[in-house]
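In the numbering used here, the protein residues as written are 239 to 552.
Positions of the beta carbon are idealized from the N, C-alpha and C atoms, including for glycine.
These notes are about the structure you will find just below.
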Ligand code: SN0
């Protein structure tokens, strides 16, 4: 693996999921693989799980890990040809080239603007970074995807599924802030490659980008969508159509125990951080149906599987 940006970078998805499970069973089995190698994680946006789990993954593989919040460095210019006489002190051309000399693998987190749809959906910042980096770059969530989250999600589904073809529902839920579509886009992209029966439910106007929504059925009635589901994957996202806008804050879309009762003993999943009693009721999050803590644990082993393949040149 030369970079990790989307499921398209994965040769055999089943093998990668299995590798994550193997890493979980024996986290230190490759503790010498990364000896003498450096992992640099660069965050343009906040992080808790991604930062700590990816650091832990690197450490489990014997790597040295350095994390940096981009706000602590110079403000970077990403546009080509600009006259840099304003607030941006350094160009991505130099920054990515320089960091590449210190790192064997670079991890990068960069959120969307939610104002410029075209630029966000070209994954401009992430692409510019890859363009000028000379070592493998791993997405720690880009403007439109969160692949390490999706891999951890599939590992979690693999562990908890009780049927060969589980019904997996991606459900929108309300949120007070405009959030990226990245987690949802990525989840669809990854689950679409498995045998699961996949369904999306959201209010009208929240249709995801066609390149991710594909032909996946959309049910606008959330309760109907939940019927017989094995996994309820919940996430808020802002509108793609009316780009970056909040079109609804309808609390009737919150995930409640009453709605979970419509499922087939379904499990609740969320990438975290989650707003209690806005996105999901305490009664769901604190019940045995919730997998959110296990999901977060699997972030380490997802990252470890990916770093393993990059380090091994697989
Ligand atoms: C991010 C998102 O993409 O939706 C990161 C998820 C892994 N989530 C948030 O920014 C939530 C922020 C909030 O205010 O609740």
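For residue i, collect the residues of the same chain with a Cβ closer than 7 Å to its Cβ; drop the 5 residues on either side in sequence, then sort them by chain order.
i: residue 450; result: 423, 426, 427
i: residue 343; result: 277, 373, 374, 376, 545, 548
Our contact map puts residue i next to residue j with C-beta atoms below 8 Å; I'd like the distance itself, whole angstroms only.
i: residue 316; j: residue 366; result: 5 Å
i: residue 277; j: residue 345; result: 7 Å
i: residue 305; j: residue 281; result: 7 Å
i: residue 359; j: residue 447; result: 7 Å
i: residue 204; j: residue 296; result: Because residue 204 is not part of the residues shown, which for the chain are 239 to 552, the question remains open.
i: residue 379; j: residue 347; result: 5 Å
i: residue 349; j: residue 418; result: 6 Å
Relative to the ligand SN0, is the shortest distance from any of its heavy atoms to the C-beta of residue i smaller than 6 Å?
i: residue 376; result: no
i: residue 540; result: no
i: residue 415; result: yes
i: residue 448; result: no
i: residue 420; result: yes
For residue i, I'd like the list of residues in its chain whose CB is within less than 6 Å of its CB, leaving aside the five on either flank, ordered along the chain.
i: residue 440; result: 410
i: residue 508; result: 472, 530
i: residue 389; result: 540
i: residue 434; result: 404, 406
Spatial neighbours of residue i within its chain, please: C-beta separation below 8 Å, excluding the five flanking residues on both sides.
i: residue 331; result: 370
i: residue 383; result: 243, 244, 361, 377, 420, 423, 424, 427
i: residue 251; result: 245, 392, 428, 431, 432
Next on the checklist: Which complete beta strand (DSSP E) runs does the region 329–384 hold, if anything under 3 residues is left out?
Outcome noted: 343–347, 375–377
Next on the checklist: Please give the ranges of any alpha helix (DSSP H) in the region 425–500, keeping only runs that are unbroken, at least 4 residues long and fully inside the region.
Outcome noted: 448–451, 460–464, 495–498
Checklist entry - Unbroken beta strand (DSSP E) runs of length 3 or more, entirely within the region 284–319: which are they? => result 302–307
Next on the checklist: Which complete beta strand (DSSP E) runs does the region 384–412 hold, if anything under 3 residues is left out?
Outcome noted: 405–410
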